[in-house]
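> Sending over a structure as structure tokens; questions will come in a sec.
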Amino acid sequence: MVTQSALPLLPIGIVFITAILIMVNRSNPNIREFWSVLGSMLTFGSVAFMVPTVWHGGTITYTLSTIAPGISLNFRVDALSLIFGFISSFLWIFASFYNIGYMRTLKEHAQSRYYTCFAAAILGAQGVSFSGGLFTLYLFYEVISIFTYPLVGHHQDEEGYAGAKKYIVYLVGTSKGFLLPAVILTYVMTGTLDFADNIQTGIFPRGSSNLWVSITYALFIAGFAKAAIMPLHNWLPSAMVAPTPVSALLHAVAVVKAGVFSISRVMLSTFGTGILQDSGLGLVTAYFVSFTILVGSIVALTKDDLKARLAYSTVSQLSYIILGVALLDNSGIVGGLIHIINHGFSKITLFFCAGAIFVAHNKRKISDMKGIGYAMPFTMGAFALASLSMIGVPPVAGFVTKWYLLNGALEINNIIIVSVLMLSSLLNAGYFVPITITAFFQGKGSKEPWSPRDIKEAPPTMVVPLVITALISLFLGFYPDFFVRLIGNLF
Amino acid sequence: MPSYLIMNPFGFPILTTTIFLPLVGALVILFLRNDRAIKITAFIASLFALGVSLLLFARFDYSSALFQFGEMTSWIASYNINYILGVDGISVMLVMLTTIISPFAILSTWNAIQIRVKEFMISILIMETAMIGVFCSLDFVLFYFFWEAMLIPMYLLIAVWGGPNKDYASLKFFIYTLSGSVFLLVAIIALYLVNGTFSIPEAMFKGYSFQFQFWIFLAFGIAFAIKVPMFPFHTWLPAAHTEAPTVGSVFLASILLKMGTYGFIRFCLSIVPQASFYFAPLMIILALIGIIYGGLVCLGQTDMKKLVAYSSVAHMGFVILGIFTFSLYGFVGAMLQMLNHGVTTGGLFLLVGMVYERTHSRQIYDNAGLGKITPVYMFFFGLFSVSAFAFPGTNSFVGELYVLIAAFLTNRIVGFFAIIGAVVAAAYMLNLLKKIAWGREDKRDIQDVSLREFIYMLPLAVFVLWVGLFPRPFINVMETTLVNLAMQLEKVSH
Chain A
47 MVTQSALPLL PIGIVFITAI LIMVNRSNPN IREFWSVLGS MLTFGSVAFM
97 VPTVWHGGTI TYTLSTIAPG ISLNFRVDAL SLIFGFISSF LWIFASFYNI
147 GYMRTLKEHA QSRYYTCFAA AILGAQGVSF SGGLFTLYLF YEVISIFTYP
197 LVGHHQDEEG YAGAKKYIVY LVGTSKGFLL PAVILTYVMT GTLDFADNIQ
247 TGIFPRGSSN LWVSITYALF IAGFAKAAIM PLHNWLPSAM VAPTPVSALL
297 HAVAVVKAGV FSISRVMLST FGTGILQDSG LGLVTAYFVS FTILVGSIVA
347 LTKDDLKARL AYSTVSQLSY IILGVALLDN SGIVGGLIHI INHGFSKITL
397 FFCAGAIFVA HNKRKISDMK GIGYAMPFTM GAFALASLSM IGVPPVAGFV
447 TKWYLLNGAL EINNIIIVSV LMLSSLLNAG YFVPITITAF FQGKGSKEPW
497 SPRDIKEAPP TMVVPLVITA LISLFLGFYP DFFVRLIGNL F
Chain B
35 MPSYLIMNPF GFPILTTTIF LPLVGALVIL FLRNDRAIKI TAFIASLFAL
85 GVSLLLFARF DYSSALFQFG EMTSWIASYN INYILGVDGI SVMLVMLTTI
135 ISPFAILSTW NAIQIRVKEF MISILIMETA MIGVFCSLDF VLFYFFWEAM
185 LIPMYLLIAV WGGPNKDYAS LKFFIYTLSG SVFLLVAIIA LYLVNGTFSI
235 PEAMFKGYSF QFQFWIFLAF GIAFAIKVPM FPFHTWLPAA HTEAPTVGSV
285 FLASILLKMG TYGFIRFCLS IVPQASFYFA PLMIILALIG IIYGGLVCLG
335 QTDMKKLVAY SSVAHMGFVI LGIFTFSLYG FVGAMLQMLN HGVTTGGLFL
385 LVGMVYERTH SRQIYDNAGL GKITPVYMFF FGLFSVSAFA FPGTNSFVGE
435 LYVLIAAFLT NRIVGFFAII GAVVAAAYML NLLKKIAWGR EDKRDIQDVS
485 LREFIYMLPL AVFVLWVGLF PRPFINVMET TLVNLAMQLE KVSH
């Protein structure tokens, strides 16, 4: 059941107005940040408003303008778009509070630019999630790139410029060099850029040249470099020079998820599972991203800088999502897509913790955090919980992902993928568990006088959000049903 | 009235009025002494021209591919030379571009021009008359008359009000364009000898012998390629742009360059179609070289104005590429890129001029780090520079998308080469943008955009986003004409 309605414009419009209001009220920090918080809540509200329609199997579409025959600025709300739209708008609320604590405590410069670009990046994320065709998707995908650029280079020092340069070269270079020709080749072969209603058929006509379909597909995978699939992952660790809330929301949720979401969208709604199955491209993709899953984890093992380790963990975890979708069976797709949500909550918690440690104790290196759990029990407790989710330990959210992914791999009897999943879980444990052990059980080796009597946490606007997101990770491990059923509407 | 003309529905000759209103303004200025009064008169004259051209737009019949608002009077009867005017979907857009850009360009000169204001404004207004005239003329002699009439005021703009190296630049400009015009004149006379008339529409799709078409194409081609400018005839452009005053650069980039591409689409394609097919591979290769080479040269620039000038070479390459795919997508894309380049590059030149008025330097380093000092300026600069590398949501992206679709439909290799150019464009524009916003930390005393400057930048900014998000209204105006052109060419190709 397809409904024509301008509703998908609502969240996008709200974020747009929020960004303008932030810019207009740049001289008054309290009002500026009020708009940021209010805007995030209203955005989430407007996304939530569309859930019932999709929950009952409906799809909302809206065409704003026609660019060329078959190309339009159009919007589409289905289960897939809601997954990403939900997580990016919901976590923006937490990030808005967290931002206030972080930016004020550290007395960061250029805060108005920061908040404006932050909102504009969310605008891009909302646009990507509700895009109804490749034209719209490409537009908002680029909006994210351009507005996160000032956020990555926020500190405007040598390191910041270098990180931001790498960031923009990777992201815009790939989107212009690979994604744009992929979009055009799709149009040349199919005569449309709109997404298909059915994830089996896609938009490519039967009998399309196999060679060109494969080339186009490869260009898409390379073009969405935000997904950080190796070898196009290097921008992500470099982007960690950004202030931590940026790393948290944008590089754990909005930016990187825009990449994996776009790949999932293209795989399901442009190519369709049928053509990917027949041509074997699905399995090729699964093997290809398996490499990233394993190597990303191995590199994470070697990093002592907490944010760098989290960054490589993100590189590795993002590929789970693509792996799941690439399995092309229902369990795999559910496992992949639900990881957008699960990884979102868990990873934002981990980054929030990293930022809180930095704000409260000015520590970046894991080796300097011996015994820090005594001084920051809430933060490190949340960290422990979220890292269990990343490893995939029940009953935290990440377990649900692993369960569905393993099911998906077993359904197609693929022992290689099963082994990859098992091995990667071990690796995840290998780089996450030591952090918790360092924080709670190595207090004696520390130079710092940590003690439980001397609790020194970050400001409450930072600690409360991270505790809540950690608890939601736990909750989603117990009650994953909502999102599983929502994704089920795709089939 | 000949069959290719549709009667003018207005009670007065509207095209003649649009063309000569600026000239009337110039005549009035002759009798004025006060600089301020001169400036205001020039501005008002160009506003009147804009107003009348809006009437054109309002009454334009989208469904017809014929020339509308036709006027025809005998001029030199012994040679069958007539004063024929008319616009179709292609030329009406370019007339609009001219009348829209001109008042803004005049506004931009308010403080920049301090010497010989009277002569300056007269030159500008004569230019405007000639530019509109070129796009409306349907008689070769009339066309040639306007085409050449533009040369002198443009030469004066560079030679009198130009930068330090103005003598070299103005002479180079003059010699290049004049030598192009000589070829144009030869082609026009050759066509007259065959047809016995100077009427342009009557010369179209006549099925001349291939050999005749071959030579005519070459003559036209050289004239227009210099004007566009296409690689390897582009060297006059950076020199002229850097030395010209801001308004000169704006006219050059926004409108004069379009006369070259207009010439290709109007004359080469419909008068010598077979030769156009024959030369298409060469033209496409030259366009690709222009796109990539122009971009690479931009990467190395330290002078803002030169960078924007070289980017024009790349952008115009996309227009030529679109035209010589002979497909509707290509034509629409080429037309859109002509308008987009007019607005975006014109806007960038205006912005460079603004900062030049304040810092008296065009060097990127001298104008770097404006993000905190002049935020409003930075907003406009950001918008126009992302538009210049075809950022989605801006005007150029739609045009480039059409051209790229046409290129990929014609030949995928050509498409991939054009993509390289698009990537390079992103590289040099983003690099420039980063330096201007962030390049320096020190505080300097630079005024942000004034109200007058805001007034002329805002409409251009609106256009950038409007065409980027809602391009259909613009495409509809020219579509019928372009469909007709594509069909005629299709017929000829069999």
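Note that the protein sequences, when read in sequence, are chains A and B.
With the numbering used here applied, the first sequence corresponds to residues 47 to 537, in that order.
With the numbering used here applied, the second sequence corresponds to residues 35 to 528, in that order.
Using N, Cα and C, we set each Cβ at its ideal position, and we do this for glycine too.
Is A/Gly-305 helix, strand or coil when you go by DSSP?
Locating residue 305 of chain A in the first sequence gives position 259, counting from the first residue. A/Gly-305: helix per DSSP, three-state reduction.
> Mind checking B/Glu-434: buried by the 16 CB within 10 Å criterion, or exposed?
Locating residue 434 of chain B in the second sequence gives position 400, counting from the first residue. Buried.
> Name the residues in the segment 446-466 of chain B whose C-beta lies less than 7 angstroms from a C-beta of chain A; which are they?
Gly-449, Phe-450, Ile-453, Ala-456, Val-457, Ala-460, Leu-464
> Report yes or no: is there a C-beta of chain B within less than 8 angstroms of the C-beta of A/Pro-227?
For the purposes of this step, residue 227 of chain A is identified with residue 181 of the first sequence, where counting begins at 1. Yes, because at least one Cβ of chain B sits closer than 8 angstroms to the Cβ of A/Pro-227.
> Using a C-beta to C-beta distance shorter than 8 angstroms, which residues of chain B count as neighbours of A/Ile-17?
With chain A covering only 47 through 537, there is no way to say anything about residue 17 of chain A.
> Where DSSP assigns a beta bridge to A/Asn-120, which residues make up the other side?
To locate residue 120 of chain A, count along the first sequence from 1; it is residue 74. A/Asn-120 pairs with A/Thr-109.
> Could you work out which residues of chain B lie near A/Tyr-184, taking near to mean beta carbons separated by less than 8 angstroms?
Here residue 184 of chain A refers to the residue found at position 138 of the first sequence. Neighbours of A/Tyr-184 on chain B, chain order: Pro-426.
> With a threshold of 8 angstroms between beta carbons, is A/Tyr-233 in contact with chain B?
Within the first sequence, numbered from 1, the residue matching residue 233 of chain A stands at position 187. Judged by the 8 angstroms Cβ criterion, A/Tyr-233 is in contact with chain B.
> Mapping the DSSP letters down to three states, classify B/Asp-173 as helix, strand or coil.
Mapped onto the second sequence, residue 173 of chain B falls at position 139. Here B/Asp-173 sits in strand by DSSP.
> Can you pull the chain B neighbours of A/Ile-214, defined as C-beta to C-beta under 7 angstroms?
To locate residue 214 of chain A, count along the first sequence from 1; it is residue 168. What A/Ile-214 touches in chain B: Leu-464.
> B/Met-350 bridges to which residues according to DSSP?
Taking the second sequence and counting its residues from 1, the one referred to as residue 350 of chain B is at position 316. Looking at the DSSP assignment, B/Met-350 forms no beta bridge with any residue, so it has no partner.
> Using the beta-carbon of each residue, which ones in chain A are nearer than 8 angstroms to B/Leu-443?
As a first step, residue 443 of chain B is located in the second sequence; it is residue number 409 there, counting from the start. Chain A residues near B/Leu-443: Val-234.
> For the segment 467-486 of chain B, which residues have a beta carbon sitting closer than 9 angstroms to at least one beta carbon of chain A?
Within the segment 467-486 of chain B, the residues whose Cβ lies closer than 9 angstroms to some Cβ of chain A are Lys-468, Ala-471, Trp-472, Glu-475, listed in chain order.
> Beta-carbon of B/Ile-325 versus every beta-carbon of chain A: anything under 8 angstroms?
Taking the second sequence and counting its residues from 1, the one referred to as residue 325 of chain B is at position 291. With 8 angstroms as the cut-off, B/Ile-325 does not count as an interface residue toward chain A.
> Give me the Cβ distance between A/Thr-105 and A/Asn-120, rounded to the nearest whole Å; I'm assuming they're in contact under 8 angstroms.
Here the question's residue 105 of chain A lines up with position 59 in the first sequence. Here the question's residue 120 of chain A lines up with position 74 in the first sequence. At roughly 12 angstroms, the Cβ-Cβ gap does not stay under 8 angstroms, so A/Thr-105 and A/Asn-120 are not in contact.
> For B/Gly-546 and B/Ala-259, which I take to be in contact (beta-carbon distance under 8 angstroms), what is that distance rounded to the nearest angstrom?
In the structure as shown, chain B begins at 35 and stops at 528. Residue 546 of chain B is therefore absent and cannot be evaluated.
> Counting only Cβ pairs nearer than 8 angstroms, list the residues of chain B close to A/Ile-192.
To locate residue 192 of chain A, count along the first sequence from 1; it is residue 146. The contacting residues are Val-420, Phe-425.
> Could you check whether A/Ser-377 and A/Glu-457 sit closer than 8 angstroms to each other, using their CB atoms as the reference points?
Residue numbering aside, residue 457 of chain A sits at position 411 when the first sequence is read from its first letter. Residue numbering aside, residue 377 of chain A sits at position 331 when the first sequence is read from its first letter. Yes. Within cutoff.
> Would you say A/Glu-188 faces chain B, with C-beta separation under 8 angstroms as the test?
Translated into positions along the first sequence, residue 188 of chain A becomes position 142. So, interface residue.
> With DSSP collapsed to three states, give me the class of A/Asn-76.
Here residue 76 of chain A refers to the residue found at position 30 when the first sequence is read from its first residue. Residue state, collapsed to three classes: helix.
> Which of the three DSSP states is assigned to B/Asn-510 in this structure?
Here residue 510 of chain B corresponds to residue number 476 of the second sequence, with the count starting at 1. In the structure shown, B/Asn-510 sits in a helix (DSSP, three-state: H, G or I).
> Taking Cβ to Cβ, would you say B/Gly-455 is nearer than 8 angstroms to B/Ile-325?
Stepping through the second sequence from its first residue, residue 455 of chain B is reached at position 421. Stepping through the second sequence from its first residue, residue 325 of chain B is reached at position 291. Yes, these two residues count as a Cβ contact at 8 angstroms.
> Rounded to whole angstroms, what's the CA-CA distance from B/Gly-367 to B/Ala-287? Just pull it up for me.
Here residue 367 of chain B refers to the residue found at position 333 of the second sequence. Here residue 287 of chain B refers to the residue found at position 253 of the second sequence. One C-alpha to the other measures close to 18 angstroms.
> I'd like to confirm the pairing. Which residues does DSSP put opposite B/Gly-104 in its beta bridges?
Locating residue 104 of chain B in the second sequence gives position 70, counting from the first residue. Looking at the DSSP assignment, B/Gly-104 forms a beta bridge with B/Met-41.
> Measure the C-alpha to C-alpha separation of B/Leu-330 and A/Ala-304 and round it to an integer number of angstroms.
Residue mapping note: residue 330 of chain B aligns to position 296 of the second sequence, counting from 1. Residue mapping note: residue 304 of chain A aligns to position 258 of the first sequence, counting from 1. Approximately 31 angstroms between the Cα atoms of the pair.
> Excluding the 5 residues preceding and the 5 following A/Ser-254 in the sequence, name in chain order all residues of the same chain whose CB lies nearer than 7 angstroms to its CB.
Mapped onto the first sequence, residue 254 of chain A falls at position 208. Excluding sequence neighbours, A/Ser-254 sits near Met-235.
> Is there a C-beta anywhere in chain B that falls below 8 angstroms from the one on A/Gly-305?
Counted from its first residue, the first sequence places residue 305 of chain A at position 259. With 8 angstroms as the cut-off, A/Gly-305 does not count as an interface residue toward chain B.
> Would you call the segment 313-325 of chain B in contact with the segment 334-342 of chain B, where contact means no fewer than 3 C-beta pairs closer than 8 angstroms?
With the rule of 3 Cβ pairs closer than 8 angstroms, the segment 313-325 of chain B does not count as touching the segment 334-342 of chain B.
> Pairs of beta-carbons, one from the segment 467-487 of chain A and one from the segment 377-391 of chain A, closer than 8 angstroms: are there three or more?
no
> Could you name the residues of chain B that A/Ile-437 contacts, counting a contact when the two beta carbons are closer than 8 angstroms?
As a working mapping, residue 437 of chain A is identified with position 391 in the first sequence. Here the premise fails: no neighbours, minimum Cβ distance about 39 angstroms.
> Short of 7 angstroms in beta carbon distance, which residues of its chain neighbour A/Ala-65, apart from the five on each side in sequence? Order them along the chain.
As a working note, residue 65 of chain A is residue 19 in the first sequence. The residues are Thr-162, Ala-165, Ala-166, Leu-169.
> Taking Cβ positions only, does A/Gly-476 come closer than 8 angstroms to chain B?
By 1-based counting over the first sequence, the position of residue 476 of chain A is 430. Not one chain B Cβ lies under 8 angstroms of A/Gly-476.
> Can you tell me whether B/Val-121 is helix, strand or coil according to DSSP?
The sequence position of residue 121 of chain B within the second sequence is 87, counting from 1. In this structure, B/Val-121 counts as strand in the three-state DSSP scheme.
> How many Å lie between B/Ser-112 and B/Val-498 at the Cα?
Position 78 of the second sequence, counted from the start, is the residue given in the question as residue 112 of chain B. Position 464 of the second sequence, counted from the start, is the residue given in the question as residue 498 of chain B. Cα-Cα distance, rounded: 48 angstroms.
> Determine, using beta-carbon pairs with one atom in the segment 464-472 of chain A and one in the segment 400-419 of chain A, whether at least three such pairs fall under 8 angstroms.
no
> Can you check DSSP and say which residues form a bridge with B/Gln-397?
In the second sequence, counting from the first residue as 1, residue 397 of chain B sits at position 363. Note: B/Gln-397 sits in a beta bridge opposite B/Asp-337.
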